[in-house]
Amino acid sequence: MIGTATLDRVYDEVKDDLLEKDEVRATVNDFILTHLRDCFVAGKPRLVVFPIAPIWTVPILLTYPDRTLGEVGEVAVHALTGEVLGWTPLKEIEKNAAEHRTHLASTNP
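Numbering (this note's numbering) for the sequence shown: 772 to 880.
Rendered as structure tokens:
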């Protein structure tokens, strides 16, 4: 197991070079626009530090005009380069969104 001191050291080495949260959200919103339909938006990025590189994890949120229904997936972005490294499978995102919509319909007849 990697100790917190090691990850703190990695963070200290790269913290000045990290992409800003707004840049990362824009990257994920571009990903969403390219691969999903409307009603999805990037949430608040969270930094995760790995020994080999830091990444931003960004939730994909299902939204309606008057509310956010919930998190339906996630995108991982390299925190230094902005490269999209991975994401929740698109079929899983759609399944999660359908579950949120079903729940909304059952609570708002």
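Cβ atoms here follow ideal geometry from the backbone N, Cα and C, with glycine treated the same way.
Integer Cβ distance of residue i from residue j, believed to fall under 8 Å
i, j, result
"Ala813", "Leu851", "Actually they do not touch by this definition, with Cβ atoms about 19 Å apart."
"Ile831", "Glu845", "6 Å"
Delimiting residues of the beta strand (DSSP E) encompassing residue i
i, result
"Arg817", "817-820"
"Glu863", "That residue, Glu863, is in no beta strand (DSSP E); its alpha helix (DSSP H) goes 861-878."
"His813", "Here residue 813 is Ala; the residue named in the question, His, does not match the sequence. Unbroken beta strand (DSSP E) run through Ala813: 811-813."
"Ala847", "838-849"
C-alpha gap between residue i and residue j, whole angstroms
i, j, result
"Glu842", "Lys792", "18 Å"
Range covered by the alpha helix (DSSP H) that runs through residue i
i, result
"Thr805", "792-806"
Environment of residue i [buried if 16+ CB atoms lie within 10 Å]
i, result
"Leu861", "exposed"
"Arg819", "The displayed chain sequence assigns Val, not Arg, to residue 819. Exposed: under 16 other Cβ atoms inside 10 Å."
"Thr798", "buried"
Residues that residue i bridges to, as DSSP identifies them
i, result
"Tyr835", "Arg838"
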